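Numbering (the numbering used here), first residue to last: 2 to 122.
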Amino acid sequence: MVKFIDANIFIQRWSNPQIAAFLNTLNPEEHATSVLVLAEVYDKMELKKLTHAFSYIRGLMGALTVFPIIQDDLFWAIKNPLPLRINDRLHLAVMKRNNIQVLISYDADFDHDKSMIREEL
């Protein structure tokens with residue numbers, strides 16, 4: 002079963018040894034994310050002036066499946082009434098389009114969507 006990984010997991014790599022260990026086991030057949038998640042991670046790293054942001058993102062792209070955001074995802078996210086930010090609704094749209102029901106995230110706001118399961122590490 003493929004699990005979708007949210008940005009907060011990738012961002013906490015250096016502050017949480019458990020997350021670092023998990024990220025070292027990524028497998029493209031079991032783990033996925035989206036280009037939007039990676040953009041969010043890159044943005045946070047850039048704000049913190051981390052010089053290795055590009056190589057980190059590039060490494061992640063080779064370690065797991067990275068889904069694109071398509072036009073239908075945007076329409077679905079805009080129409081979705083869940084009380085989530087648009088980027089989070091886009092993450093859910095990508096998950097639904099790819100039949101992914103498990104999200105690895107520390108963001109409890111995703112619990113508003115009862116059609117998927119949120120896991121924490």
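Ideal Cβ placement from N, Cα and C applies to all residues, glycine included. Predicted, not measured: the structure shown is a model, and the values here were computed from it.
Coil, strand or helix - residue i by DSSP
i	result
residue 70	coil
residue 49	coil
residue 41	helix
residue 35	strand
residue 27	coil
residue 82	coil
residue 131	Nothing can be reported for residue 131: it is not among the residues displayed for the chain, which extend from 2 to 122.
Sub-8 Å separation of residue i and residue j beta-carbons
i	j	result
residue 65	residue 33	yes
residue 35	residue 70	yes
residue 58	residue 39	yes
residue 54	residue 74	no
Identified DSSP bridge partners for residue i
i	result
residue 6	105
residue 118	103
Contact set for residue i: own chain, Cβ-Cβ below 8 Å, skip 5 residues either direction
i	result
residue 9	106, 107 and 108
Cβ shell of residue i (< 7 Å), same chain only, five flanking positions each side left out
i	result
residue 31	3 and 4
residue 14	20, 21 and 24
Sequence-distant residues of its chain with Cβ nearer than 6 Å to residue i (five each side left out)
i	result
residue 41	8
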